[in-house]
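Below is one structure; the comments refer to it alone.
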């Protein structure tokens, strides 16, 4: 079965600094990888996805992710973090009929 | 707003009572999903519909849970004889069709919080 792992429960960065939220995957076949963000007491918002093509995927709110096949990773990045980016981030992989999520990484951006 | 809509957003119920949640997917989406999320965890798949057909159910979906999508549009998730362990956020999501395992994005609603006291 397809799966993803998020090795960090918590990531802290200072406002204005670059941020990285890590994700590794385990799939059979071609991976369809996604990032979602969740603000408190809200549903999940889609940020970006990798299906095929360029390894660097650009998404909403200035986020991007880099697909690395050799390292089986799909890390989420942003060049300059904002306090408003503080939220819970989920990496996910498309399975046959559903989406499988990682446990989530809580990002805190400090002013 | 043309996103996924869920109702109610919050529900507090006594143990043993039945509760029902409603989901209205994005109108052109033929696939509808239910997930459950507990605090500190990622969403867990419960069940999935393609049009009105319920095609897959997770083992998490005990006999007390039933989901329907009678006309292939909105869906309901009913939990009978609620238990404290049912306390969670129930997320509905939808996507357009495509090959199984396609890269179509799944879009989520705001969720329905259930607290069983």
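Protein chains in written order, with the working numbering: chain A, -2 to 108; chain B, 40 to 156.
The C-beta atom is built at its ideal place from N, Cα and C for all residues, glycine as well.
- Does any residue of chain A bring its CB to less than 9 Å from the CB of residue 95(B)? Here residue 95(B) corresponds to residue number 56 of the second chain, with the count starting at 1. Judged by the 9 Å Cβ criterion, residue 95(B) is in contact with chain A.
Measure how close the beta-carbons of residue 133(B) and residue 71(B) come, nearest whole angstrom, since I'm counting them as under 8 Å.
By 1-based counting over the second chain, the position of residue 133(B) is 94. By 1-based counting over the second chain, the position of residue 71(B) is 32. About 5 Å separates the two Cβ atoms, so the contact holds.
Contacts that residue 65(A) makes with chain B (C-beta to C-beta distance below 8 Å) = Here residue 65(A) refers to the residue found at position 68 of the first chain. Chain B residues near residue 65(A): none, gap ~18 Å exceeds 8 Å.
Excluding the 5 residues preceding and the 5 following residue 87(B) in the sequence, name in chain order all residues of the same chain whose CB lies nearer than 6 Å to its CB.
Taking the first residue of the second chain as 1, we reach residue 87(B) at position 48. Hits under 6 Å: 72, 94, 95.
- Message: Using DSSP's beta-bridge definition, name the partner residues of residue 107(A).
- Response: Position 110 of the first chain, counting from 1, holds the residue named residue 107(A). Its beta-bridge partners are 11(A).
- Message: Check whether chain B comes within 9 Å of residue 42(A), counting only Cβ atoms and requiring the distance to be less than that.
- Response: As a working note, residue 42(A) is residue 45 in the first chain. Yes, contact with chain B.
| request: List the residues of chain A whose Cβ lies closer than 8 Å to the Cβ of residue 144(B), in chain order. | output: On the second chain, position 105 is the one that residue 144(B) refers to. Near residue 144(B) (Cβ distances below 8 Å), the residues of chain A are 31, 43, 46.
Practice problem: Identify each residue in the segment 109 to 137 of chain B for which the Cβ-Cβ distance to at least one residue of chain A is less than 7 Å, and report them in chain order. | Solution: Result list: 130.
I'd like to know whether the C-beta of residue 13(A) is nearer than 9 Å to at least one C-beta of chain B. Here the question's residue 13(A) lines up with position 16 in the first chain. Chain B, which has no Cβ nearer than 9 Å to the Cβ of residue 13(A), makes this no.
Going by DSSP, what residue range makes up the beta strand (DSSP E) through residue 63(A)?
Taking the first residue of the first chain as 1, we reach residue 63(A) at position 66. Segment 61 to 65, the beta strand (DSSP E) holding residue 63(A).
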